[in-house]
Amino acid sequence: MLYILLIVFFTAVAREIAKRILLRFERRVDATKTPWDDILYRSIRRPLGWLIWVIGISWATSIAASSTLQEQEFKEQLLVVVGRLRDASIIAMLAWFTIRFIREFQDLMVSGVDGSKKSTWDPATAAAVGKILRATVSITAFLIILQRFEVGISGVLAAGGIGGIAIGFAARDLLANFFGALMLFIDKPFAVGDWIRSPDKEIEGTVEDIGWRMTRIRTFDQRPLYVPNATFTSITVENPQRMINRRIYEHFGVRYKDVEIVKPLINEVREMLKNHPAIDTTKTLMVNLVSYGDFSVNFFVYTFTKTTVWTEFHEIKEEILLLIAEIVRKHGADFAFPTQTVHLPDQITPEPDPQ
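If you're matching positions, the sequence shown starts at -2 in the numbering used here and goes up one per residue.
Here you go:
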């Protein structure tokens, strides 16, 4: 009994020593600029503490069984079980450390190695790769533990294959959503944070999360919209977030009596757009007379802004429209609106009153 207490005591001491070593390591980690030692420390901190306890308790249990049990066969069986549990626990701790390291590495790839948020990994891709790696580690650790307990892995895999076929027939929609998510991660038509919409479905909003079964979208009236991933394999998705410009396309009509000044008016509007700092002059820029309407002479403006930000675009468009109105007034013209002209004879003889 004394040996067992001593083992537990020394295990606690070893745990405390490891804790103090990790604290000193943490201070050194914080002083360095590289992020790799940070993620290593955060990954190993908790699994290492539990690993020390697992080794100490299994050792104490083995000594207790050897010193107290008299029946040799039962003692040997118990020691075998304790050894297998110890090995399984160590494997689980190693898997836990690996999973934590993968999660920390995933966060590092998204935020950028230098913390500048400049990374080639978008959050959706990083999340997908992280989930696949963590699932692989978990399954591998589980199979190794089964093998340590002398469970036939081939039988488990065969049973899993038969069960997978049955589950596949019963969960076709679930599998369709899974492969839909896989295609989203591979093709990357959109990422978390993108504004998307579909002309085929009533889908429009900002992508908040891309899961394995469904994608969560926040509509502009702040309602959450949950779309099964299989839907995206059969619809057209527009991603305005990836526009490089926004278009201004407007028609204007001036009065017919202003037709003589339409040409200089259009030229001045064109020059104003060419010299405007918010207009991308490398793109198509047109200001032309387009038609003679029922009550107006019509011209149109077709140009692109440099910004794609929704609020900035509307501020620029407002400024452009007001500048065009100033140019129209400057030339003594005015915008037309629907009117009717009634021509009356010079002399109208009133009809005699029948009474």
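Just so it is clear, CB atoms sit at the ideal spot from N, CA and C, and this is done for glycine as well.
Asked: Local conformation of His311 per DSSP, three classes; Found: helix
Asked: Bounding residues of the beta strand (DSSP E) (the contiguous stretch that carries Pro221); Found: 221 to 225
Asked: Inter-residue CB distance, Ala138 and Ile88 (contact presumed, cutoff 8 Å); Found: 5 Å
Asked: Where Phe182 falls: helix, strand or coil (DSSP); Found: helix
Asked: Neighbour-count burial assignment, Pro261, 16 or more Cβ in a 10 Å radius; Found: exposed
Asked: The beta strand (DSSP E) enclosing Asn264, as first and last residue numbers; Found: Asn264 -> not in any beta strand (DSSP E); alpha helix (DSSP H) instead, spanning 259 to 271.
Asked: Distance between Phe229 and Tyr299 (C-alpha atoms, nearest Å); Found: 33 Å
Asked: Beta-carbon proximity list for Arg215, same chain, < 7 Å, skipping 5 on both sides; Found: Gly202, Thr203, Glu205, Pro221
Asked: Cα-Cα separation, Thr31 to Thr278; Found: 44 Å
Asked: contact_flag[the stretch 248 to 267, the stretch 301 to 316] where n(CB pairs < 8 Å) is 3 or more; Found: no
Asked: Ile276 versus Thr302: straight-line alpha-carbon distance, rounded; Found: 4 Å
Asked: Span of the beta strand (DSSP E) around Asp206; Found: 200 to 207
Asked: Exposure of Pro120, with buried meaning 16 or more beta-carbon neighbours within 10 Å; Found: buried
Asked: Distance between beta carbons of Arg252 and Asp331, contact taken as under 8 Å; Found: 6 Å
Asked: Proximity winner among Asn272, Ile207, Pro186, Ala92, relative to Pro237 (alpha-carbon distances); Found: Pro186
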